[in-house]
Each structure stands twice: as C-alpha cells, then as structure tokens.
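In the numbering used here, the protein residues as written are 3 to 282.
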Ligand code: SAM
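In structure tokens form, the structure reads like this:
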C-alpha cells in the first residue's frame, strides 16, 4: 500500500506527502495518472508525478484562472478551456451567465478519473452548456470554426503533452479565434521555480497580443511561492476596471468564492519585482 507520494521537482528539491492512500493509477496514452487520498490535502490528482489539483486548495487556482477574466470581460457567452480535464475551471465558469463552454482536453482518462474520484470538481461535466472535445488543444484551436470570448489554458507544464500549449503557433491561433474584447488566461507555472518559462511565455504571448501581463495567486501545493497566470488580450481596457465596477458585477452574479474578491482581482496583477524583471 502506497503511504508516501513524492513530487520530485528537482534532484535537490521535492515535496512529500506522508500517509497517502493510492486510490487509482494508470498509464494513459499521454501520461501517468495517479489519484491519492491524503491526510492534509484531501483527494489529489498527479500527472507524470506532478501535483495537478487537490480538493483542499484547488479553489485558489480555479477561481483565479476563471473569475478575473470573466468579470473583466463582463459579457462572455462562449468560453474555451484547453486542458482542464479535472473540471475545476468548468465549475467556476458555470457561476457566470455563459451560453457555451467547450473543453479541448487531450486525455479522456483525466476526465473519467475526475468523475470517479473528484466529484466536487467534475459535477460540472453534466451541464448541458458544456461540450467536451477529446483531442490535442493545439489542433483544436488551429481547426475550429468557433469563436470565443474567453480562452482558459488550464494545461500541465510545458513538458510532455502540455508543451504544445506554450508555443507562438498556439497563441496565434488563440488570438485568431477570439472575439473582439477577448482574453486568454494561461497556467504559467511558479516563477521562482521556472523563471525562464515565464519569460518565454511572456515573449510568445506578446507575439500574438498587445496587452500581456500576469496575475499571481498562492496555491499551497504548487510549491515555490506565487503561481503565475498569463493574461493576454488586444483590449487593454479589460484591465482598467475599478474595484467598485468589479464588485457590482460580482454581486450581480452572486459569485460564491473563497479566494477571489474584487480587491484580490486587482491586487493579483500587482507583480513583485522578481517577477516583473522576468517580463522582458
Ligand atoms: N491545475 C493544473 C496545473 O496548474 O498544472 C492543471 C490541471 S489539468 C489536469 C491539466 C490538463 O491539461 C490535463 O488534464 C492534461 O491532460 C491536459 N493537457 C496537457 N496537454 C494538453 C494538450 N496538448 N491539449 C489538451 N489538453 C492537454
């Protein structure tokens, strides 16, 4: 019986979860998928040995990758999630008056494992506004005839299947399938651990969008300090909403959240110096 899960980020830096119980393990055509019951973080999913989501702290990440864009846009009806197979982004998006959400997820096994072991994230899959397209997100954005108001890239890190989702070609296609006033938000790693990756994401996003920056949030199991989320749009006015305008939209939608607030919405874009200096 497995009692310890070690996320070996580097040879000299890792995080360990003691007293875990392995609930599920499989090697999918794309990655190793594991689900654990943990003593401190509830149920945890890992892909290729990297923590993806835990029921204890997933609210931070899923609220912050969804609500700033949806509130700033204010009228998004059609949203694309690339990746996001655990369903957490879906759950948060359905708190807004959306008409259609497409999820382009490469690995059906992640969706199935989430439905079996992560019901607090995956209940949203049953919503009639949701369409799940199993396939590579890179191909989806290249080939789709649909247009979207918001695109959320809830991918793994740029190794393995996720690598394609950090390329200029991918971002160019995202820009092409966005409606006017549209915005893309991307999982952009932990800058203290992956500084080079943040700079590359910044440059590649800037090749396709005129307003590029990052927001940050603190996700306990994404070790190494602040987690960065890329923000890319061709409409800089989306980031000029004041806190009271944000509050009006939040209250009108009855947004129930545990991390995101109107104040946090604005504060999340106030980047520390060590992150700002990576945006070159
Ligand atoms: N919150 C996590 C994080 O910050 O790392 C991400 C969670 S979510 C489980 C990541 C998803 O991206 C996985 O389900 C994985 O299968 C999916 N994914 C990876 N590469 C992909 C690709 N090229 N196209 C579509 N989905 C992809």
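The beta-carbon is built from N, C-alpha and C at its ideal position, and this holds for glycine as well.
Quick caveat: nothing in here was measured; it's all calculated off a predicted structure.
In three-state terms, what does DSSP make of residue i?
i, result
"residue 197", "helix"
"residue 136", "strand"
"residue 150", "strand"
"residue 225", "coil"
"residue 1", "Coverage of the chain is limited to positions 3 through 282, which leaves residue 1 absent and any answer about it impossible."
"residue 263", "coil"
"residue 160", "coil"
"residue 102", "strand"
"residue 247", "helix"
"residue 121", "helix"
Tell me whether the beta-carbon of residue i lies closer than 8 Å to the beta-carbon of residue j.
i, j, result
"residue 45", "residue 37", "yes"
"residue 9", "residue 3", "no"
"residue 84", "residue 155", "yes"
"residue 103", "residue 231", "no"
"residue 75", "residue 94", "no"
"residue 123", "residue 55", "yes"
"residue 69", "residue 257", "yes"
"residue 129", "residue 96", "yes"
"residue 40", "residue 22", "yes"
"residue 190", "residue 216", "yes"
"residue 78", "residue 151", "yes"
"residue 169", "residue 206", "yes"
"residue 245", "residue 264", "yes"
"residue 32", "residue 160", "no"
In whole angstroms, give me the CA-to-CA distance for residue i and residue j.
i, j, result
"residue 174", "residue 210", "5 Å"
"residue 214", "residue 5", "43 Å"
"residue 88", "residue 133", "14 Å"
"residue 146", "residue 29", "29 Å"
"residue 107", "residue 259", "25 Å"
"residue 212", "residue 281", "14 Å"
"residue 242", "residue 274", "19 Å"
"residue 188", "residue 270", "14 Å"
"residue 59", "residue 266", "17 Å"
"residue 167", "residue 144", "12 Å"
"residue 98", "residue 13", "42 Å"
"residue 262", "residue 186", "18 Å"
Measure from the alpha carbon of residue i to the alpha carbon of each residue in the options, then state which is nearest.
i, options, result
"residue 224", "204, 193 and 216", "193"
"residue 115", "269, 254, 35 and 95", "35"
"residue 180", "120, 81, 221 and 203", "81"
"residue 184", "160, 137, 203 and 239", "239"
"residue 141", "204, 152 and 171", "171"
"residue 47", "138, 73 and 86", "86"
"residue 249", "158, 220 and 72", "72"
Discussion item. Assess contact between the segment 195–210 and the segment 89–100, defined as three or more Cβ pairs (one per stretch) separated by less than 8 Å. Is contact present?
Written reply: no
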